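Residue numbers (UniProt numbering), protein chains in the order written: chain A, 1 to 325; chain B, 1 to 513.
Encoded structure:
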């Protein structure tokens, strides 16, 4: 590495410096392990403190609508059917048929083979179609298979691709391999937005979450995403906090803004609002926009709708008053 | 900096609407007497003073001012309770009362939190999440010791001291009461407590808790008043021990006052703690710790990390991260659940903070505060950071006891230790590094009673707390905290063995028999 490059260096990373970084596993390792550490106790305490923020009345109403607009409404089951995807798309376009002021969600997220169904069902709406790819969720396939999977989704009309990193390679220190895979997938994505799933539940430490975040950003990811939803724990507040610090520092260092998507385990309005509080107080208001922050979820939407209806009517309805996905 | 009182939020997109805690959970009487011998009584000379809400300058109520005669009544009541009941109870019985008090504090936590915030000006989230839970924890912890005291003295026989005079400060009114009262009672002493004149209300509510717990009359007596009342407590010949937390100036006066009387004294005084950030620290968490180190409780903390010593190689980035973090602090209505910085406790304290901050500027340090709108009423001071501070500046030497941070740099670990120790105080310090060996090396060389590593302002009843040098002597908390309230068996300070004002045979702690 020639140029000094640390997480908090002001100014823009010199492209030449990135070339040096990716010259070997060792040089990438020197950089990633040179990032400031994350103190586990401290980050969890900060997250817990932010979770006590009280978001009420008008602020809560605004936050609920923002959360709805940030949702990647997701179904990723082996048993998914075209009918289920069409139903989900109808819900994405019009989350609450009883209240036309309800905003639309950001995207619908499905497996690649169901992308055509979603594209058709969402035709003419601003709701994006996101597809998981790269042998989701384990990522255990050869690179050509992953690239074909991605190309398939993009060809079918996916606007966004959610890829998984090779956690085995990352944990064994083969950072260059992970970097190259992300780059290759990014190339196949063409114009589609690339979200890089770190699967933080398998990364063991917050230090690794920070390193994986930087690796994914350096490799060109448009978003960094916590989890597939298939591994527990999925999106936790402290993990999202570490990733928000990473995108904040990365923009400071490079000038490029990267989005964050916690996914999996966010089921209640309270969970969602706690994530939004962290976004506002860590990365800042620039990220409080569906372009830069998404919530990967399915059941969350119904809870937000029930809270939204409660705010309007003063009464809680019940699960029978929102549609099942 | 965001004024939560204005209702604007951390950001345009989200924002927090006002979220005030309800004031109606607590009843404040128009006036309070002195709590002596289990009853509220009028002061002999009828003196009163007012206590105000520092966030609004609203008068909350009138409080009695105890004169020398009132203090004498309180000490006599405490003596009677000591000799007739409290010192004769087995430890397991004393424990029952302490456990009961702890549980009542938990049950009435919301009431205490609201009252503390109204009277002190601290944010409700701090009184709710720190002051009140820790106060209950202190009673639980020392309740557990009450029947195990032989393990605190290594099996040597010991006895309680008798009547203990306790004078506490305004920064953590209920918590300081708990730190003092819980170990004193656990060891079999009785108490005459004087709360600070600007924050007497939670102590008076605690009197109600004592009655609710059916604590025998006279075991805890609460005499409100200012400096004169405190002097009367410390100087009373019937008081067997003085425990004081507050300023170094008053601590010295108390030490002079009781010199030659043989009364044991413990003093927990001021501080000018260094928070040392090494270049390999976890930056985000270190900044968080620096912020809570100095801005927690508006910096009204004797162990506040008021000097930031940052390694010069990361000076710029730590400062940038610190400034960025300070812009998200929310100053305003202490009753709002989202407020981070509340009001300065009194006009007098505000004047002192202003005077020292102005001195910092006059001496050539650079002053910075986030854009910050202060409420029009009440006593307020914005979070303030001074850079370019040298060891010679007053703001690096004197305790400000407000939300003012002085930033200094260092090059080597040796220099950090030298600068950290170069103060008349020695209460606490912080070390931030990811390297264990460096943390241990540094901590071993810091002359401070408490050294936090990769955290700050953490308190636990099991951990002793106290200072070196002008930060005082004696330890509170943990097993060490019992030493201040027990004496080894043998002649007492009056030369008596057993009877008279010293502990009689019945007063020997049952556990030592």
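Where is the CB? At the ideal position from N, CA and C, for every residue including glycine. The model shown is predicted, which means the values in this text are computed figures rather than measured ones.
Asked, Found
"Can you find a CB in chain A that lies within less than 8 Å of the CB of residue 284 of chain B?", "yes"
"Pull up the DSSP beta-bridge partners for residue 163 of chain A, would you.", "A:196"
"Mapping DSSP to helix, strand and coil, what is residue 311 of chain A?", "helix"
"Extract the residue ranges of the beta strand (DSSP E) inside the stretch 261-340 of chain B, only unbroken runs of 3 or more that lie entirely within it.", "265-268, 274-277 and 307-311"
"Measuring alpha carbon to alpha carbon, tell me which residue in B:14, B:412, B:21 and B:484 is nearest residue 268 of chain B.", "B:484"
"Which residue from A:54, A:91 and A:14 puts its Cα closest to that of residue 337 of chain B?", "A:54"
"Which runs of the alpha helix (DSSP H) at least 4 residues long sit entirely within the stretch 58-124 of chain A? Give them in chain order.", "82-93 and 115-121"
"So, is the C-beta of residue 149 of chain B closer than 8 Å to a C-beta in chain A?", "no"
"Do the CB positions of residue 419 of chain B and residue 274 of chain B come within less than 8 Å of each other?", "yes"
"Is residue 48 of chain B near the ligand FMN, judged by its Cβ being under 7 Å from some heavy atom?", "Annotation note on the ligand FMN: not contained in the displayed structure, which lists no ligands."
"Would you decide whether residue 298 of chain A is buried or exposed? Buried here means 16 or more other CB atoms lie within 10 Å of its CB.", "buried"
"Using the rule of at least 16 other Cβ atoms within 10 Å of the residue's Cβ for burial, across every protein chain shown, is residue 112 of chain A buried or exposed?", "buried"
"DSSP three-state label for residue 287 of chain A, please.", "helix"
"Interface residues of chain A around residue 337 of chain B at Cβ under 9 Å?", "52, 53, 54 and 56"
"Can you tell me whether residue 8 of chain B is helix, strand or coil according to DSSP?", "Note that residue 8 of chain B scores 38 on pLDDT, short of 50, meaning its location in the model is unreliable; the coordinates nonetheless yield the value given after this. Of the three classes helix, strand and coil, the one that applies to residue 8 of chain B here is coil, per DSSP."
"Tell me the DSSP bridge mates of residue 142 of chain A?", "DSSP lists no partner for residue 142 of chain A."
"Assuming residue 176 of chain A contacts residue 317 of chain A (C-beta within less than 8 Å), just tell me the rounded distance between them.", "Contact doesn't hold; Cβ gap of about 53 Å is too wide."
"Enumerate, from N- to C-terminal direction, the unbroken alpha helix (DSSP H) stretches of 4 or more residues contained entirely within the stretch 114-199 of chain B.", "132-145 and 173-186"
"Beta carbons nearer than 8 Å to chain B: which residues of the stretch 222-249 of chain A have them?", "245"
"Give the DSSP-derived three-state secondary structure of residue 435 of chain B in the structure shown.", "coil"
"So if I threshold CB-CB distances at 7 Å, which residues from the stretch 16-49 of chain A count as touching chain B?", "36, 37, 38, 39, 41, 42, 43 and 46"
"Is the separation between the beta-carbon of residue 189 of chain B and that of residue 301 of chain B shorter than 8 Å?", "no"
"Return the Cβ separation of residue 177 of chain B and residue 206 of chain B in integer angstroms, given the expectation that the two are a contact with Cβ distance under 8 Å.", "6 Å"
"Using a Cβ-Cβ cut-off of less than 8 Å, list which residues of the stretch 429-452 of chain B approach chain A; keep chain order.", "434"
"Taking the C-alpha atoms as reference points, what is the distance between residue 52 of chain B and residue 200 of chain B?", "10 Å"
"With C-beta atoms as the reference, is residue 101 of chain B less than 8 Å away from residue 213 of chain B?", "yes"
"For residue 101 of chain B, which beta-bridge partners are listed by DSSP?", "BP columns for residue 101 of chain B are empty, so no partner."
"Starting from residue 125 of chain B, find everything on chain A with Cβ-Cβ shorter than 7 Å and list it in chain order.", "52"
"With 8 Å as the threshold, decide whether the Cβ of residue 255 of chain B is near any Cβ in chain A.", "no"
"By the DSSP assignment, the alpha helix (DSSP H) with residue 323 of chain A in it spans what residues?", "From DSSP, residue 323 of chain A is part of no alpha helix (DSSP H); its letter is neither H nor E."
"Measure from the C-beta of residue 390 of chain A to each C-beta in chain B and report whether the shortest distance is under 8 Å.", "Residue coverage of chain A in this structure runs from 1 to 325, which leaves residue 390 of chain A outside it and unanswerable."
"Taking 8 Å as the threshold (C-beta atoms), are residue 342 of chain B and residue 173 of chain B in contact?", "no"
"For the 8 Å Cβ check, are there 3 or more pairs between the stretch 303-321 of chain B and the stretch 161-173 of chain B?", "no"
"Can you name the residues of chain A whose CB is closer than 8 Å to the CB of residue 289 of chain B?", "42"
"Buried or exposed: residue 260 of chain B, going by 16 or more other Cβ atoms within 10 Å of its Cβ?", "exposed"
"Report yes or no: is there a C-beta of chain A within less than 8 Å of the C-beta of residue 15 of chain B?", "yes"
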